[in-house]
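Student:
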Amino acid sequence: MSGHKLAVLSGSSIAFVVASMAALPFGPRIVFAPPDNNPTGTKTAAELAAEVRRDFDTKHDKVKEIAEKALAEAEKGTPLAATAKELADQAIIGMNEAKARLDELDQKLARRNTNADTALSAGERFVEDESFKAFAGQTRPRGRVLVDVKDITSLTTDAAGSAGALIPTDRRGLQVEQPQRRLTVRSLLLPGTTASNQIEYEQEKLFTNSAAPVAEGTAKPQSELQFEDKTANVRTIAHWMRTSVQILADAPGLRSIIDQRLRYGLAFVEEQQLLNGSGTGQNILGLVTAATAYAAPGSLTATTQIDIIRLMILQAALAEYPPNGIVMNPIDMAAIEMTKDGDGRYLIGNPQGTIQKALWGLPVVETQAMGVDKALVGAFNLAAQIFDRQDATIDVSTEDQDNFVKNKVTIRAEERLALAIYRPQSLVYGDLGRVA
Numbered sequence: 003m004s005g006h007k008l009a010v011l012s013g014s015s016i017a018f019v020v021a022s023m024a025a026l027p028f029g030p031r032i033v034f035a036p037p038d039n040n041p042t043g044t045k046t047a048a049e050l051a052a053e054v055r056r057d058f059d060t061k062h063d064k065v066k067e068i069a070e071k072a073l074a075e076a077e078k079g080t081p082l083a084a085t086a087k088e089l090a091d092q093a094i095i096g097m098n099e100a101k102a103r104l105d106e107l108d109q110k111l112a113r114r115n116t117n118a119d120t121a122l123s124a125g126e127r128f129v130e131d132e133s134f135k136a137f138a139g140q141t142r143p144r145g146r147v148l149v150d151v152k153d154i155t156s157l158t159t160d161a162a163g164s165a166g167a168l169i170p171t172d173r174r175g176l177q178v179e180q181p182q183r184r185l186t187v188r189s190l191l192l193p194g195t196t197a198s199n200q201i202e203y204e205q206e207k208l209f210t211n212s213a214a215p216v217a218e219g220t221a222k223p224q225s226e227l228q229f230e231d232k233t234a235n236v237r238t239i240a241h242w243m244r245t246s247v248q249i250l251a252d253a254p255g256l257r258s259i260i261d262q263r264l265r266y267g268l269a270f271v272e273e274q275q276l277l278n279g280s281g282t283g284q285n286i287l288g289l290v291t292a293a294t295a296y297a298a299p300g301s302l303t304a305t306t307q308i309d310i311i312r313l314m315i316l317q318a319a320l321a322e323y324p325p326n327g328i329v330m331n332p333i334d335m336a337a338i339e340m341t342k343d344g345d346g347r348y349l350i351g352n353p354q355g356t357i358q359k360a361l362w363g364l365p366v367v368e369t370q371a372m373g374v375d376k377a378l379v380g381a382f383n384l385a386a387q388i389f390d391r392q393d394a395t396i397d398v399s400t401e402d403q404d405n406f407v408k409n410k411v412t413i414r415a416e417e418r419l420a421l422a423i424y425r426p427q428s429l430v431y432g433d434l435g436r437v438a
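Quick note on my numbering: the sequence shown kicks off at 3 and runs consecutively.
(1) Out of 314, 193, 237, 225, which has the shortest C-alpha to C-alpha gap to residue 419?
(2) Among residues of its own chain, excluding the 5 on either side of residue 323, which ones have a beta-carbon nearer than 7 Å to its beta-carbon?
(3) Taking only three categories from DSSP, how would you classify residue 386?
(4) Which class does residue 271 belong to by DSSP, given the choice of helix, strand or coil?
(5) Leaving out the 5 sequence neighbours to the left and right, which residues in its chain are closer than 7 Å to residue 372 when beta-carbon positions are compared?
(6) Between the alpha carbons of residue 450 and residue 338, how many angstroms are there, rounded?
(7) From which residue to which residue does the alpha helix (DSSP H) around residue 259 run?
(8) So residue 291 is in the alpha helix (DSSP H); what residue range does that whole segment cover?
(9) I'd like the ranges of any alpha helix (DSSP H) spanning at least 4 consecutive residues and lying wholly in the region 313-370.
(10) Less than 6 Å between C-beta atoms, sequence neighbours within five positions excluded: which residues of the same chain meet that for residue 317?
(11) Checking the sheet assignment: what are the DSSP bridge partners for residue 132?
(12) If we ignore side chains and look at the alpha-carbon of each, how far apart do residue 360 and residue 283 end up?
(13) Can you look up residue 402 in the DSSP assignment and give me helix, strand or coil?
(14) What do you get for residue 340, buried or exposed, if any count of 16 or more other CB atoms within 10 angstroms of its CB means buried?
(15) Which whole-angstrom value describes the C-beta separation of residue 268 and residue 394, a residue pair presumed to lie in contact below a C-beta threshold of 8 Å?
(16) Leaving out five residues before and five after residue 433 in sequence, what residues of the same chain have Cβ atoms less than 7 Å from its Cβ?
(17) Is DSSP giving residue 198 helix, strand or coil here?
(18) Any idea if residue 314 is buried or exposed, counting beta-carbon neighbours within 10 angstroms, 16 or more meaning buried?
(19) With DSSP collapsed to three states, give me the class of residue 427.
(20) Could you check whether residue 232 and residue 203 sit closer than 7 Å to each other, using their CB atoms as the reference points?
(21) Going along the chain, which residues of its own chain have a beta-carbon closer than 7 Å to the beta-carbon of residue 166, five neighbours each way excluded?
(22) Give me the residue from 305, 245, 358 with the minimum Cα distance to residue 414.
(23) For residue 265, report the span of its alpha helix (DSSP H) as first-last.
(24) Quick check on residue 439: does DSSP put it in helix, strand or coil?
(25) Helix, strand or coil, according to DSSP, for residue 103 in the structure here?
(26) Kindly indicate which three-state DSSP category residue 248 falls into: helix, strand or coil?
(27) Using the C-alpha atoms, what's the distance from residue 398 back to residue 170?
(28) How about residue 228 and residue 208: do their beta carbons lie closer than 7 Å?
(29) Grab the span of the alpha helix (DSSP H) containing residue 227 for me, first residue to last.
(30) Tell me whether residue 321 is buried or exposed, calling it buried when 16 or more other Cβ atoms sit within 10 Å of its Cβ.
(31) Counting C-beta neighbours from all protein chains within 10 Å, is the total for residue 2 16 or more, i.e. buried, or is it exposed?
(32) Whose C-alpha, out of 396, 319, 368, 422, is nearest the C-alpha of residue 279?
(33) Run through DSSP, which three-state label would residue 394 get?
(34) Assuming contact is defined by CB atoms lying nearer than 7 Å, are residue 327 and residue 290 in contact in what I supplied?
(35) Using C-beta distances below 6 Å, list every residue in its chain close to residue 416, excluding the 5 sequence neighbours before and after it, in chain order.
(36) Just list the residues that DSSP pairs residue 239 with in beta bridges.
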């Protein structure tokens with residue numbers, strides 16, 4: 003049957019033609035089930051659209067096949083039942099609904115492709131939050147708004163949105179970014195969350211391995227694994243600043259303040275605490291504070307910085323914790339890379355290219371949070387775990403007499419976390435011997 007003839011049939015007579023299939027023995031009855039309202043699960047929008055399209059094409063082809071067969075039977079004068087016509091009409095309606103759903107998915111997918119999914123910064127998530135938009139949209143904002151601006155590392159993404167009228171065309175935000183330290187210590191450690199103000203855990207203290215060959219029928223030796231009860235208190239890191247209330251109408255400027263000052267300020271201090279916190283007062287007990295002091299094992303002698311790093315690795319390995327990383331100050335890593343042999347050739351560094359930051363097969367993490375002429379070697383994945391109690395949040399408020407009088411707004415950033423150190427023996431800390 004030609005496409006033109008089908009097009010004619012698809013008008014007022016198509017319900018009659020297709021309905022005949024319900025009464026004929028050679029065709030099944032077709033039921034159109036609309037897609038589930040929430041079928042995605044772990045499927046992407048593209049996968050869902052492709053699935054609905056395949057389903058629609060299959061049903062469309064089947065209806066076309068039935069129509070062709072029904073037309074052949076109709077030309078023979080086969081009578082049609084009223085119920086068959088009714089079922090055919092329902093089938094056509096169902097197919098149209100499936101087509102409408104497919105068109106809707108295609109449109110959504112097209113919009114998503116136009117605004118591709120990107121990881122938003124803390125500032126972007128704040129200025130595009132609906133509660134903040136409502137707050138900033140007031141003629142004279144009064145009150146406060148609190149928004150969670152958690153970073154999703156470890157990988158989580160949010161669809162990029164539009165601030166719309168929030169961004170006036172006659173005002174420029176703060177566009178200059180301040181230099182920022184590359185923050186790395188958190189990424190070395192196990193992540194975790196807590197709903198409590200305190201983490202109680204067992205710290206591994208001593209392992210005595212008494213395993214030995216034994217004769218049949220004799221008592222087996224007993225080994226000892228000793229633990230010590232420890233507590234890691236959740237600590238708060240916070241700061242705030244006051245700025246002009248006009249910043250609420252300047253999305254780029256507000257985003258810059260949150261990302262470049264407030265959020266980064268939290269992360270900067272967090273890295274210092276995770277590495278060097280004293281554990282006293284409101285300070286976190288840091289990795290360096292809890293680490294085992296370096297002592298050259300096996301009566302071996304180190305004559306260079308590289309030798310000391312190697313013996314630190316050995317010390318951790320002899321404690322049965324093979325290390326997986328080294329933390330150093332960039333100055334010390336640069337000194338090692340500049341080391342030359344007797345002929346003036348670089349031992350490790352390559353001025354004409356890039357090198358992977360690694361020593362003795364282990365990656366080197368450079369951070370200025372580590373003191374100069376110091377190094378921390380360890381099995382960081384076994385040593386400690388971070389517990390986030392409150393992810394970084396941004397709080398904007400005009401509820402202050404000084405703010406009201408001076409037309410100012412207060413912006414506060416805050417986070418709460420604890421650090422549990424399970425195995426201090428897996429961390430080795432000490433001097434590199436370069437600085438007298």
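Think of the CB as a built atom: it goes at the ideal place given N, C-alpha and C, for glycine as much as any other residue. Keep in mind it's a predicted model, so treat the numbers as computed, not measured.
Tutor: Answer, in terms of the structure:
(1) When only C-alpha atoms are compared, the closest one is 237.
(2) Closer than 7 Å at the Cβ level, and outside the excluded window around residue 323, lie 381, 384, 425, 427, 428.
(3) Strand at residue 386.
(4) The DSSP-derived three-state label of residue 271 is helix.
(5) Excluding residues within five positions, the ones whose Cβ falls inside 7 Å are 277, 329, 330, 331, 378.
(6) Since the displayed the chain opens at 3 and closes at 438, residue 450 lies outside it and no answer follows.
(7) That run of the alpha helix (DSSP H) goes 253-259.
(8) It spans 289-292 - the alpha helix (DSSP H) in which residue 291 sits, taken as one unbroken run.
(9) Residue ranges of uninterrupted alpha helix (DSSP H) with 4 or more members, entirely inside the region 313-370 and ordered along the chain, are 332-339.
(10) Contacts found: 299, 430.
(11) Residue 132 is bridged by DSSP to nothing; it lacks a bridge partner.
(12) So the alpha carbons of these two residues sit roughly 36 Å apart.
(13) Looking at residue 402 - three-state DSSP - the assignment turns out to be coil, as it is neither helix nor strand.
(14) Burial call: exposed.
(15) Indeed they touch by this definition, with Cβ atoms about 6 Å apart.
(16) These residues qualify, in order along the chain: 375, 376.
(17) In this structure, DSSP gives residue 198 a state outside helix and strand, which the three-state scheme calls coil.
(18) It counts as buried.
(19) Correct three-state label for residue 427: helix.
(20) Between residue 203 and residue 232, the C-beta spacing is below 7 Å.
(21) Note on residue 166: pLDDT 36, under 50, position unreliable in the model; the coordinate value appears next. So the list is empty, once near-sequence residues are dropped.
(22) Closest by alpha carbon: 245.
(23) No alpha helix (DSSP H) contains residue 265, which DSSP labels as neither H nor E.
(24) Since the first residue shown for the chain is 3 and the last is 438, residue 439 is missing from the structure and cannot be characterised.
(25) Helix, per DSSP.
(26) Secondary structure at residue 248: helix, using DSSP grouped into helix, strand and coil.
(27) With a pLDDT of 41 at residue 170, under the threshold of 50, the predicted position of this residue should be treated as unreliable, and no value is reported.
(28) Against a cut-off of 7 Å, the Cβ pair of residue 208 and residue 228 comes out as a contact.
(29) Unbroken run through residue 227 is the beta strand (DSSP E), 226-235; no alpha helix (DSSP H).
(30) Residue 321 is buried by the Cβ-count criterion.
(31) Past the boundaries of the shown model lies residue 2; the chain is included only from 3 to 438, so the question cannot be answered.
(32) The candidate whose alpha carbon is nearest that of residue 279 is 422.
(33) Strand.
(34) No, they are not a contact pair.
(35) These residues qualify, in order along the chain: 240, 395.
(36) 417, per the DSSP bridge assignment.
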